[in-house]
Amino acid sequence: MPAMNMVQALNSAMDVMLGRDPDVVVFGEDVGYFGGVFRVTDGLQRKYGAQRVFDAPIAEGGILGIAVGMGAYGLRPVAEVQFADYIYPAMDQLVSAAARLRYRSAGEWWAPVTVRAPCGGGIFGGQTHSQSPEALFTHVCGLKTVIPSNPYDAKGLLISAIEDDDPVVFFEPKRLYQGPFDGHPERPAVSWAKHPLGAVPGEHYRVPIGAARVARAGADVTVLAYGTMVHVALAAAQETGVDAEVIDLRTLRPLDADAIAASVEKTGRCVIVHEATRTGGFGAELAAVVQERCFYSLEAPIERVTGWDTPYPHAFEWQYFPGPARVGRALRRATEG
Amino acid sequence: MPAMNMVQALNSAMDVMLGRDPDVVVFGEDVGYFGGVFRVTDGLQRKYGAQRVFDAPIAEGGILGIAVGMGAYGLRPVAEVQFADYIYPAMDQLVSAAARLRYRSAGEWWAPVTVRAPCGGGIFGGQTHSQSPEALFTHVCGLKTVIPSNPYDAKGLLISAIEDDDPVVFFEPKRLYQGPFDGHPERPAVSWAKHPLGAVPGEHYRVPIGAARVARAGADVTVLAYGTMVHVALAAAQETGVDAEVIDLRTLRPLDADAIAASVEKTGRCVIVHEATRTGGFGAELAAVVQERCFYSLEAPIERVTGWDTPYPHAFEWQYFPGPARVGRALRRATEG
Amino acid sequence: MDRSPVLRLHIPEPKHRPGEAADFSHLRLPRAGSVERPPVDSGAFAMRDLAYALIRVLDDEGTAVGPWDPQLDADTLRRGLRAMALTRAYDERMYRVQRQGKTSFYMRSTGEEAVAVGQACALERDDVVFPTYRQSGLLIARDWPLVDMMCQVYSNSADRLKGRQMPVLYSSRAAGFFSLSGNLGTQLSQAVGWAMASAYKGDHRIAAAWTGEGATAEPDFHHALTFASVYHAPVILNVVNNQWAISCYQGIAGGDESTFAARGIGYGVPALRVDGNDFLATCAVTRWAAERARSNLGPTLIELFTYRATAHSTADDPSRYRPADEWEKWPLGDPIRRLKDHLVGRGEWSEAQHEAMRKEVEEQVRAANREAEAKGTLDRGPLPPVASMFEDVYREMPAELRRQRDELLGGR
Amino acid sequence: MDRSPVLRLHIPEPKHRPGEAADFSHLRLPRAGSVERPPVDSGAFAMRDLAYALIRVLDDEGTAVGPWDPQLDADTLRRGLRAMALTRAYDERMYRVQRQGKTSFYMRSTGEEAVAVGQACALERDDVVFPTYRQSGLLIARDWPLVDMMCQVYSNSADRLKGRQMPVLYSSRAAGFFSLSGNLGTQLSQAVGWAMASAYKGDHRIAAAWTGEGATAEPDFHHALTFASVYHAPVILNVVNNQWAISCYQGIAGGDESTFAARGIGYGVPALRVDGNDFLATCAVTRWAAERARSNLGPTLIELFTYRATAHSTADDPSRYRPADEWEKWPLGDPIRRLKDHLVGRGEWSEAQHEAMRKEVEEQVRAANREAEAKGTLDRGPLPPVASMFEDVYREMPAELRRQRDELLGGR
Ligand SMILES: Cc1ncc(C[n+]2csc(CCOP(=O)(O)OP(=O)(O)O)c2C)c(N)n1
Ligand SMILES: Cc1ncc(C[n+]2csc(CCOP(=O)(O)OP(=O)(O)O)c2C)c(N)n1
Ligand SMILES: [Mg+2]
Ligand SMILES: [Mg+2]
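Written as structure tokens, this is what we have:
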């Protein structure tokens with residue numbers, strides 16, 4: 001099986017879908033001729049032509065607006081927002097249109113739109129190239145939210161998203177594009193080629209939306225994580241020696257609450273990790289669900305390890321980032337609590 | 001003291017602030033000559049002139065954009081978004097500009113903007129005149145979020161918001177404008193004149209942002225609520241006979257976590273009520289905080305009673321609305337759990 | 001540098017307010033027939049003066065004159081007249097049932113019937129329209145059953161939208177009528193996307209979208225013009241300038257500084273400005289734009305100059321913000337009367353026929369309403385099944401929503 | 001209706017791509033001095049042809065000609081020339097230190113110096129500017145200390161912005177330079193709001209804002225034009241059309257269909273289009289617009305036609321998407337060379353003086369950089385205190401943030 005990094009895996013997902021389905025079109029700022037500022041759409045315009053893979057004006061709201069219209073026609077648009085930090089101008093079309101069209105028309109019209117956006121810190125992008133705004137979308141009924149943590153899932157989930165008849169917000173942790181990132185910025189990047197989940201089939205396959213994955217089985221504490229933080233959690237477990245069960249959520253909405261509950265019922269303890277700001281982050285929903293479903297199994301407070309409640313500061317990226325040390329301390333607290 | 005309904009109290013807050021501070025300006029769609037579709041700015045243009053109270057083009061993003069610029073100049077703009085459901089086009093200016101300006105300029109510039117928007121259901125407004133999107137703002141660091149439940153607080157909080165040097169999103173539960181609403185739509189509206197918190201001083205006073213209020217003292221279970229749901233919770237307590245301590249949060253961010261923790265530590269049980277959709281709603285953050293702070297005092301799972309995870313349907317407003325019966329059942333479950 | 005005079009803030013004000021007499025003498029209304037009709041492949045720059053003109057076909061005597069006369073046969077015109085009359089009768093009836101408490105809300109398009117009906121006449125039945133709440137006439141012109149529309153207004157048991165939407169926020173895929181949104185403007189860029197998709201697929205169908213002049217300030221108007229221009233989308237973008245946006249006169253949207261049609265020019269989108277109360281003219285400009293779109297020449301922006309004759313909605317009271325006699329004084333008249341006069345002048349219609357038709361459409365509306373009310377009204381039901389509330393949020397109901405539905409049904 | 005030909009989707013393409021030779025022969029460049037200068041109280045409609053023209057003062061011999069000649073004295077011009085040269089030298093140095101790994105990122109304005117510097121020359125020092133990342137020349141023209149700018153680029157211990165912003169996202173309230181945002185376009189409507197506030201207060205100060213041509217597609221551009229038009233805001237809205245938005249040529253923003261200046265007309269905003277590489281011309285049009293704004297005549301839209309000579313940023317490689325020789329072939333030349341030639345032609349400058357000045361500004365930059373590096377670089381520090389990360393989220397730090405700060409400091 002070919003080894004792919006996450007950029008290649010995502011590219012392959014679009015390649016496969018453009019090849020299979022003439023209704024798939026791909027567009028966004030710089031995605032056409034250039035192939036995207038992160039090269040995720042590299043070569044696709046050359047292969048499928050400018051009518052199917054094209055550059056769009058710098059207007060995220062317009063990009064989503066036309067995507068909804070194309071979806072209503074019957075296409076499966078895949079729109080890129082260049083950074084998750086720039087998704088806000090598209091908020092109205094996402095919330096008021098994409099997420100509501102099927103409901104308000106009682107199923108007459110719908111918008112099978114996939115919105116891809118790189119998220120998270122780790123590239124010294126400062127506060128406007130590092131954000132993780134997923135919780136603004138997981139609150140919106142009608143939207144699905146997906147965040148992969150590795151090339152294999154990235155491709156399978158993106159294919160599922162494109163084939164999905166509901167709008168999907170698909171966040172790509174940019175720090176993982178080139179290699180698994182265990183939270184230690186000082187270490188040289190490791191290649192996805194050396195990671196089992198960097199083995200990615202070239203052909204069509206799906207990873208289902210709504211199903212979590214056990215990234216590490218363990219007995220002492222359940223760690224709920226997604227995206228970059230899966231790898232940080234794995235590093236923290238290894239470094240602390242805490243026998244953590246690390247669950248890679250993969251999809252935030254619909255949430256695989258059964259998998260979560262099964263694990264927490266087993267371990268009796270839970271640590272939630274995300275890079276997004278703490279207050280009102282998706283970790284809050286996870287904590288609420290866990291205590292609702294597993295109250296009588298819980299032996300310690302559910303811990304949240306998250307980005308601080310500040311914008312992502314350029315100079316303090318690594319003090320902001322919830323790294324293995326912070327996660328490790330939470331693992332200890334949770335297992336000792 | 002004059003009896004005021006919530007519309008009058010809010011109007012009085014702006015009147016007082018326009019009178020005291022020449023840097024206060026009020027604008028929005030239909031707020032000028034007409035006085036607002038809910039009459040909240042009625043008479044203010046006549047009294048203070050069109051330069052201070054004026055109509056704006058139908059562009060919530062533009063309204064917030066000019067508000068941020070005015071704030072940067074040194075004014076204290078009070079902008080109305082006609083319905084909270086129409087705040088999404090302003091998302092980028094709120095999140096990327098208003099909330100970030102002070103931080104990114106290290107205090108050189110800031111945007112003391114107050115954004116008022118009627119929220120919540122109860123007027124057969126369907127999915128685009130009934131929303132409660134507060135959780136999209138409570139997740140955003142740099143913003144404060146306020147939701148009053150009565151005329152006295154509404155005036156005092158709005159004055160505090162206008163005087164605040166940070167941007168404040170101020171949601172007004174429209175169902176409470178004319179009278180306290182206990183969740184029984186079939187009952188005729190009760191007048192605020194008959195409610196102690198309908199007695200509102202005509203002059204300047206503040207209700208501090210960040211301080212919750214005990215709406216009803218009780219021993220058996222803590223109910224966390226805000227806006228319309230405070231009254232529903234009170235009705236549920238009365239109807240079930242459960243001795244609930246009902247806390248009116250008033251401010252969601254900054255949250256009065258100490259008041260919450262003190263109550264839950266006392267009662268050992270907690271029910272959270274909001275009208276907004278459940279998944280990722282502000283109730284999730286409340287549940288997370290409560291279990292973090294009071295884990296060892298909790299005797300039953302924290303319950304969330306919320307709007308369903310669907311848009312607000314026109315014909316089923318009252319089946320959607322989390323009324324006293326649903327809250328009452330949660331009170332029973334929490335006290336029996 | 002000289003720094004006087006001191007700056008001051010300009011706040012636009014309409015010419016007249018309640019208590020004053022309306023006066024439209026400041027309007028520059030070109031003679032009917034006086035505006036040239038450029039070829040459909042003209043560029044935005046070359047034909048830019050049309051954005052400041054006013055295309056009129058019917059003159060003061062009701063005669064069709066000039067290069068924009070669409071030369072419609074009398075049957076077509078009688079059909080249009082009837083659709084306009086039916087729209088008005090429908091509006092009046094629905095307004096009344098709202099007042100009777102049978103539903104929550106209603107919005108009429110009185111005085112603007114030549115917009116939707118006249119433009120429908122220029123479109124193919126399978127072109128898809130992306131309207132606002134004030135183009136119900138599109139459905140009526142496409143012969144969509146009144147009963148179906150009424151069931152939506154009542155949110156009743158036969159409402160295809162399952163009681164989810166406020167009255168008048170119709171949807172009819174079968175009629176090529178896109179689901180109406182309460183969020184102003186959003187349909188504009190969606191229509192462009194739909195049209196781009198149609199072009200991408202080598203389809204024949206074009207799209208048309210409408211906005212009020214007030215909502216042109218929303219970003220979607222800008223996005224629609226930008227994207228339509230860049231990709232030459234086969235779309236017609238219509239601004240219905242009915243002078244008012246709830247309580248705000250069109251100056252608050254920028255109408256004192258320019259026309260709304262002129263917005264198009266700067267984007268390279270050809271723009272036409274038309275007498276919105278002249279059925280022949282609205283049909284003619286739309287035909288021009290449709291031909292342009294179908295010939296891969298790209299989008300057109302049309303401003304339809306008209307007047308909102310009644311309140312914004314049943315929740316509104318216009319006497320609070322505009323002179324009582326504005327509609328009376330409105331110089332472009334009543335679109336129904338004007339088309340009737342034209343047909344009468346051509347010897348193709350008579351006052352008696354008109355009166356009979358008026359009664360007929362009223363009866364048609366009354367009968368439809370009886371049928372619709374039998375299927376339920378908002379105040380008394382029957383309504384759709386309450387559990388349907390949980391459907392269509394997603395294509396398949398996720399587990400959490402099933403749980404919530406069961407909670408509601410189980411009274412837990 | 002004839003339904004052929006079948007629709008097809010148009011995707012704009014630039015004339016040339018990598019591997020091909022650049023060619024600008026399609027550009028219509030009016031002769032210098034040939035465009036009229038209307039009175040500042042002209043309406044957008046009356047002067048609409050200027051949006052399609054190109055105001056040029058310097059002719060091919062470097063002589064200032066025509067009605068737009070701002071008749072600047074030689075001292076002013078020499079100051080402008082020096083500020084442009086300093087901007088370029090500063091950019092080159094900062095580009096180099098980024099390449100050396102001393103900071104994360106950098107963006108140059110090479111080839112566009114006459115935009116910021118020429119326009120600064122027409123504004124009062126206390127007017128407030130709302131720039132993008134490519135108008136650092138505004139700070140330099142306002143004599144803001146290079147060391148301070150460099151400390152921002154390094155996010156070092158002396159960075160007034162406490163290491164929070166990416167390089168070049170400066171803020172200087174003292175220089176009337178609004179805090180730069182990474183979110184394209186947002187500053188445009190903010191400038192309009194600031195200008196409205198200034199007008200409301202009876203102030204003298206006006207605002208000016210800049211956007212790239214690419215970002216005109218964002219809603220804020222539309223909002224800025226709409227609100228500025230409606231309230232006659234004393235603001236100058238500038239579109240820097242440097243032909244590229246990262247990898248997208250200006251046609252993707254609509255530039256093949258119209259000019260960006262022309263966008264203004266439809267909103268009733270007078271529009272000027274200017275040779276952005278002609279210092280005299282950029283200064284002259286800005287003066288015109290500033291006089292208009294200060295006379296309560298409202299906003300002006302200016303398109304500055306120029307070329308992005310270098311990469312978008314240090315993260316970009318333009319050889320992947322545009323011909324290598326475009327900058328060389330760009331017919332409007334290098335703004336520094338053009339102003340130098342003009343001064344030399346007037347006998348007010350010489351090649352030797354120019355060379356000396358070039359060395360001088362380089363030395364000035366080098367010295368400043370030594371000073372700045374001594375205060376820290378991103379890679380080696382010292383940086384601001386880490387706890388400062390929690391400041392300025394709110395005016396007062398809320399309890400929850402204090403707790404988080406303590407958690408960080410306590411290593412909990
Ligand atoms: C995004 C958004 N903002 C505000 C509103 C509230 N609103 C509904 S109709 C209306 C006025 C629209 O005026 P116009 O566009 O001129 O259309 P008209 O009603 O005249 O047909 C307003 C402000 C809304 N529905 N959506
Ligand atoms: C809202 C938003 N969307 C996208 C981006 C990413 N981005 C940064 S610069 C740029 C291109 C801007 O081009 P233009 O406006 O022409 O300015 P120029 O770089 O040419 O000066 C893009 C797409 C952004 N910063 N903000
Ligand atoms: Mg209108
Ligand atoms: Mg550019």
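Chain order of the listed sequences is A, B, C and D. Take the first sequence: its position 34, counted from the start at 1, is 34 in this note's numbering, and no numbers get skipped. Take the second sequence: its position 86, counted from the start at 1, is 86 in this note's numbering, and no numbers get skipped. Take the third sequence: its position 248, counted from the start at 1, is 248 in this note's numbering, and no numbers get skipped. Take the fourth sequence: its position 140, counted from the start at 1, is 140 in this note's numbering, and no numbers get skipped. Heads up, the beta-carbon is just placed ideally off N, CA and C, and yes, glycines get one too.
Report task. Flag D/ARG308 as yes when its Cβ comes closer than 7 angstroms to any non-hydrogen atom of ligand 4, and as no otherwise. Result -> If you number the fourth sequence from 1, residue 308 of chain D lands on position 308. The answer is yes for D/ARG308.
Requested in this report: Give a yes or no on contact between the region 183-203 of chain C and the region 303-319 of chain C, applying the rule of three or more CB pairs nearer than 8 angstroms.
Outcome: no
Query raised in the report: Are the region 321-328 of chain B and the region 281-296 of chain B in contact at 8 angstroms, needing three or more beta carbon pairs?
Result: no
Query raised in the report: What are the boundary residues of the beta strand (DSSP E) that includes D/PRO335?
Result: For the purposes of this step, residue 335 of chain D is identified with residue 335 of the fourth sequence, where counting begins at 1. No beta strand (DSSP E) holds D/PRO335; the alpha helix (DSSP H) holding it covers 335-345.
Query raised in the report: Contact check, C/GLY376 vs C/TYR170 under 8 angstroms by CB: the rounded distance?
Result: If you number the third sequence from 1, residue 376 of chain C lands on position 376. If you number the third sequence from 1, residue 170 of chain C lands on position 170. Incorrect: roughly 17 angstroms between the Cβ atoms, too far for contact.
Report task. Answer yes or no: the CB of C/PRO323 versus the heavy atoms of ligand 2, is any distance below 7 angstroms? Result -> Residue numbering aside, residue 323 of chain C sits at position 323 when the third sequence is read from its first letter. Because no heavy atom of ligand 2 lies under 7 angstroms away, the Cβ of C/PRO323 does not count as near it: no.
Requested in this report: Could you tell me which of A/GLN131, A/LEU10, A/ASN150 sits nearest to A/CYS119, measuring between CA atoms?
Outcome: For this step, residue 119 of chain A is matched to residue 119 along the first sequence. Residue A/GLN131 is the option with its Cα nearest to A/CYS119.
**Report entry** Environment of A/TYR33 [buried if 16+ CB atoms lie within 10 Å]
**Finding:** As a working mapping, residue 33 of chain A is identified with position 33 in the first sequence. When all chains shown are included, A/TYR33 counts as buried.
Query raised in the report: Which residues mark the beginning and the end of the beta strand (DSSP E) in which B/PRO173 is found?
Result: As a working note, residue 173 of chain B is residue 173 in the second sequence. That run of the beta strand (DSSP E) goes 168-173.
Report task. Name, in chain order, the residues that DSSP records as bridge partners for B/VAL303. Result -> Translated into the one-based positions of the second sequence, residue 303 of chain B becomes position 303. As written in the sequence, residue 303 of chain B is Glu, which differs from the Val given in the question. Answer by DSSP bridge pairing, in chain order: B/VAL271.
**Report entry** Nearest to C/GLU371 (by Cα), restricted to the options C/THR282, C/PRO384, C/ALA158, C/LEU188
**Finding:** Against the third sequence, residue 371 of chain C aligns to sequence position 371. Comparing Cα-Cα distances from C/GLU371 to each of C/THR282, C/PRO384, C/ALA158, C/LEU188, the minimum goes to C/ALA158.
**Report entry** Identity of the residues DSSP links to C/ALA208 by a beta bridge
**Finding:** In the third sequence, counting from the first residue as 1, residue 208 of chain C sits at position 208. C/ALA208 is bridged to C/VAL129, C/ILE236.
Query raised in the report: Do A/LYS155 and A/ALA13 have their CB atoms nearer than 8 angstroms?
Result: Numbered from 1 along the first sequence, position 155 holds the residue referred to as residue 155 of chain A. Numbered from 1 along the first sequence, position 13 holds the residue referred to as residue 13 of chain A. For A/LYS155 and A/ALA13, yes; Cβs fall inside 8 angstroms.
Query raised in the report: Quick one: is D/HIS413 near chain B, going by C-beta distance under 8 angstroms?
Result: Because chain D is modelled from 1 through 412, residue 413 of chain D falls outside the range shown and cannot be assessed.
Requested in this report: Pull up the DSSP beta-bridge partners for A/VAL214, would you.
Outcome: Numbered from its first residue, the first sequence carries residue 214 of chain A at position 214. DSSP lists A/ILE247 as partners of A/VAL214.
Requested in this report: Taking C/GLY118 and C/PHE279 to be in contact with their CB atoms under 8 angstroms, please state how far apart those CB atoms are, rounded to whole angstroms.
Outcome: As a position in the third sequence, residue 118 of chain C is number 118, starting the count at 1. As a position in the third sequence, residue 279 of chain C is number 279, starting the count at 1. Rounded, the Cβ-Cβ distance is 4 angstroms, consistent with contact.
Query raised in the report: Can you tell me the Cα-Cα spacing of D/ARG395 and B/THR138, whole angstroms?
Result: Counting from 1 along the fourth sequence, the entry for residue 395 of chain D is found at position 395. Counting from 1 along the second sequence, the entry for residue 138 of chain B is found at position 138. Computed Cα separation, rounded: 17 angstroms.
Query - Host beta strand (DSSP E) of B/GLY183 (start-end) - result: Locating residue 183 of chain B in the second sequence gives position 183, where the first residue counts as 1. Note, B/GLY183: premise wrong, no beta strand (DSSP E); not H, not E.
Query raised in the report: Just checking my contact of C/ALA191 with C/ALA209 at CB under 8 angstroms: how many whole Å lie between their CB atoms?
Result: Residue mapping note: residue 191 of chain C aligns to position 191 of the third sequence, counting from 1. Residue mapping note: residue 209 of chain C aligns to position 209 of the third sequence, counting from 1. That pair is a contact at about 3 angstroms.
Query raised in the report: Using 8 angstroms as the limit for Cβ to Cβ distance, is A/TYR48 near chain D?
Result: To locate residue 48 of chain A, count along the first sequence from 1; it is residue 48. No, its Cβ sits nowhere closer than 8 angstroms to a Cβ of chain D.
Report task. Determine the closest residue to B/VAL271 out of B/PHE282, B/LEU331, B/ALA215, with distance taken between C-alpha atoms. Result -> Locating residue 271 of chain B in the second sequence gives position 271, counting from the first residue. Closest by alpha carbon: B/LEU331.
Query raised in the report: Is it true that the CB of B/GLN82 sits closer than 8 angstroms to the CB of B/GLY125?
Result: Sequence index remark: in the second sequence, residue 125 of chain B carries index 125 (1-based). Sequence index remark: in the second sequence, residue 82 of chain B carries index 82 (1-based). Cβ atoms of B/GLY125 and B/GLN82: not closer than 8 angstroms.
Requested in this report: Report yes if the CB atom of B/GLU134 is closer than 8 angstroms to the CB atom of B/PRO89, and no otherwise.
Outcome: Mapped onto the second sequence, residue 134 of chain B falls at position 134. Mapped onto the second sequence, residue 89 of chain B falls at position 89. Cβ atoms of B/GLU134 and B/PRO89: not closer than 8 angstroms.
Query raised in the report: Could you give the distance in angstroms between the alpha-carbon of C/MET90 and the alpha-carbon of A/GLY36?
Result: Start at 1 with the first residue of the third sequence, and residue 90 of chain C comes out as number 90. Start at 1 with the first residue of the first sequence, and residue 36 of chain A comes out as number 36. Before going further, note that residue 90 of chain C is Tyr rather than Met in the sequence given. Spanning the two alpha carbons is a distance of roughly 52 angstroms.
Query raised in the report: So, is C/GLY410 buried or exposed, given that buried needs 16 or more other C-beta atoms within 10 angstroms?
Result: Start at 1 with the first residue of the third sequence, and residue 410 of chain C comes out as number 410. The residue is exposed, with fewer than 16 neighbouring Cβ atoms inside 10 Å.
Requested in this report: Would you mind working out which of C/ARG31, C/SER42, C/GLU362 sits nearest C/ARG93, comparing C-alpha positions?
Outcome: Looking up residue 93 of chain C in the third sequence gives position 93. Closest option to C/ARG93, Cα to Cα, is C/GLU362.
Query raised in the report: Does the region 262-275 of chain D come close enough to the region 48-57 of chain D to have 3 or more Cβ pairs within less than 8 angstroms?
Result: yes
Report task. Quick one: which residues of the region 266-277 of chain B get their C-beta closer than 7 angstroms to a C-beta of chain C? List them in chain order. Result -> none
Query raised in the report: Among the residues of its own chain, which have a CB less than 6 angstroms from the CB of C/LYS15, if the five just before and after it don't count?
Result: On the third sequence, position 15 is the one that residue 15 of chain C refers to. Taken in chain order, the list of residues that qualify is empty.
Query raised in the report: At a CB-CB cut-off below 7 angstroms, which residues of chain C make contact with B/GLY121?
Result: The residue you call residue 121 of chain B lines up with position 121 of the second sequence. The contacting residues do not exist; B/GLY121 stays about 12 angstroms from chain C at best.
Query raised in the report: Is it buried or exposed for A/GLY142, if we count other Cβ within 10 angstroms and need 16 for buried?
Result: Locating residue 142 of chain A in the first sequence gives position 142, where the first residue counts as 1. With 16 or more other Cβ atoms within 10 Å, it is buried.
Report task. Consider the C-beta atom of C/GLU113 and the heavy atoms of ligand 3; say whether any pair is separated by less than 7 angstroms. Result -> Taking the first residue of the third sequence as position 1, residue 113 of chain C is located at position 113. No.
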